[in-house]
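Heads up: the structure comes next, in structure tokens.
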Amino acid sequence: KQEVTQIPAALSVPEGENLVLNCSFTDSAIYNLQWFRQDPGKGLTSLLLIQSSQREQTSGRLNASLDKSSGRSTLYIAASQPGDSATYLCAVGRGSTLGRLYFGRGTQLTVWP
Amino acid sequence: NAGVTQTPKFQVLKTGQSMTLQCAQDMNHNSMYWYRQDPGMGLRLIYYSASEGTTDKGEVPNGYNVSRLNKREFSLRLESAAPSQTSVYFCASRERGTDTQYFGPGTRLTVL
Numbered sequence: 023k024q025e026v027t028q029i030p031a032a033l034s035v036p037e038g039e040n041l042v043l044n045c046s047f048t049d050s051a052i053y054n055l056q057w058f059r060q061d062p063g064k065g066l067t068s069l070l071l072i073q074s075s076q077r078e079q080t081s082g083r084l085n086a087s088l089d090k091s092s093g094r095s096t097l098y099i100a101a102s103q104p105g106d107s108a109t110y111l112c113a114v115g116r117g118s119t120l121g122r123l124y125f126g127r128g129t130q131l132t133v134w135p
Numbered sequence: 172n173a174g175v176t177q178t179p180k181f182q183v184l185k186t187g188q189s190m191t192l193q194c195a196q197d198m199n200h201n202s203m204y205w206y207r208q209d210p211g212m213g214l215r216l217i218y219y220s221a222s223e224g225t226t227d228k229g230e231v232p233n234g235y236n237v238s239r240l241n242k243r244e245f246s247l248r249l250e251s252a253a254p255s256q257t258s259v260y261f262c263a264s265r266e267r268g269t270d271t272q273y274f275g276p277g278t279r280l281t282v283l
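Next comes the structure, spelled out in structure tokens:
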């Protein structure tokens, strides 16, 4: 069974800092890895998706990397802003046909001004 | 284009009551999913539907039933609610051949 772990569980940083969120998974036979953002009381929004054959994806100030062999992914947020405050969830996909995802527990990020 | 919608937003039930959570998507997606999210836990898959007319169990299906009414709608039913089913329930959809899932805003359910 795929287990997904996210470290740290919570992070509080001042505005402007660069920060790294970590995700690890136990079974390296993955199809893809996705990072989501969840705001309080809201649904999930997809941020970045990395296919198993890729090493990284970038979107604006966000960069996600994937090391499938070691079972790790990182989400790098550059020049953090208070609007980045949210919970960030990592999810591992096992196959393309069914699209099943296995989620970590998330990292709750607070960026203070 | 509303995306994925869920009703109700909030619900309080007594133990043993039944209810149906509704989910609809207007993106013409083939696949739909029901997840639950408990405090301090990641989302766990309850049931999914790869296409209209098919449903399959996920990680935590006990105590739930689903219906894929048509391509747009995928409902989740609790026949006899239990306090352990207190959770936030999310519906998601995905287009065949793509990998991104689109999530609804969630239903917060409390079972007393």
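Chains A and X, in that order, are what the protein sequence lines are. When you read off a place in the first sequence, starting at 1, and then add 22, the result is the number in the numbering used here. When you read off a place in the second sequence, starting at 1, and then add 171, the result is the number in the numbering used here. C-beta atoms are modelled at their ideal positions from N, C-alpha and C, and glycine is treated no differently.
(message) With a threshold of 7 Å between beta-carbons, can Arg59 (chain A) be considered close to chain X, or not?
(response) no
(request) Kindly indicate which residue of A:Trp57, A:Ala32, A:Glu37 and A:Leu43 has the alpha-carbon position closest to the one of Tyr124 (chain A). (result) If we check each option's Cα against that of Tyr124 (chain A), A:Trp57 comes out closest.
(message) Check this for me: beta carbons of Arg267 (chain X) and Asn201 (chain X), under 7 Å apart or not?
(response) yes
(request) Consult DSSP for Ser255 (chain X) and reduce its assignment to one of helix, strand or coil. (result) helix
(request) Report the rounded CA-to-CA distance for Leu131 (chain A) versus Glu39 (chain A), giving the unit in angstroms. (result) Annotation: Leu131 (chain A) to Glu39 (chain A) spans about 12 Å, alpha carbon to alpha carbon.
(request) Flag this pair as yes or no: are the beta carbons of Asn54 (chain A) and Gln73 (chain A) separated by less than 7 Å? (result) yes
(message) Measuring CB atoms only, is the region 193–207 of chain X touching the region 42–53 of chain A, in the sense that at least three cross pairs come out at less than 8 Å?
(response) no
(request) Consult DSSP for Gly63 (chain A) and reduce its assignment to one of helix, strand or coil. (result) coil
(message) Please return the same chain residues whose Cβ sits closer than 7 Å to the Cβ of Lys185 (chain X), not counting the five positions on each side in sequence.
(response) Leu283
(message) Rounding to the nearest angstrom, what Cα-Cα distance links Arg59 (chain A) and Cys112 (chain A) in this structure?
(response) 9 Å
(message) Using CA atoms only, rank isn't needed, just tell me which of A:Leu33, A:Lys23 and A:Leu97 is closest to Leu88 (chain A).
(response) A:Leu97
(request) Please classify Gly115 (chain A): does DSSP put it in a helix, a strand, or coil? (result) strand
(request) Give a yes or no on whether 7 Å exceeds the smallest Cβ distance from Ser68 (chain A) to chain X. (result) yes
(message) Please identify, using Cβ separations under 7 Å, the residues of the region 31–61 of chain A that lie next to chain X, in order along the chain.
(response) Asn54
(request) Look at the Cβ atom of Val259 (chain X), then the Cβ atom of Gln208 (chain X), and state whether they are nearer than 7 Å. (result) Cβ atoms of Val259 (chain X) and Gln208 (chain X): closer than 7 Å.
(request) Assuming Leu41 (chain A) and Gln28 (chain A) form a contact by the criterion Cβ under 8 Å, report the distance between their Cβ atoms to the nearest whole angstrom. (result) Contact flag wrong, Cβ pair sits at about 13 Å.
(message) Can you tell me whether Tyr191 (chain X) is buried or exposed? The criterion is at least 16 other CB atoms within 10 Å of its CB, across all chains shown.
(response) Going by the sequence as given, residue 191 (chain X) is Thr instead of Tyr. When all chains shown are included, Thr191 (chain X) counts as exposed.
(request) Give the C-beta separation of Ser295 (chain X) and Gln272 (chain X) to the nearest angstrom, bearing in mind that I take them to be a contact with Cβ-Cβ under 8 Å. (result) Since the displayed chain X opens at 172 and closes at 283, residue 295 (chain X) lies outside it and no answer follows.
(request) Below 8 Å on the Cβ atoms is my guess for Arg239 (chain X) versus Ser220 (chain X); work out the distance and round it to an integer in Å. (result) 4 Å
(message) Between Pro276 (chain X) and chain A, is the shortest Cβ-Cβ distance under 7 Å, so that the two count as touching?
(response) yes
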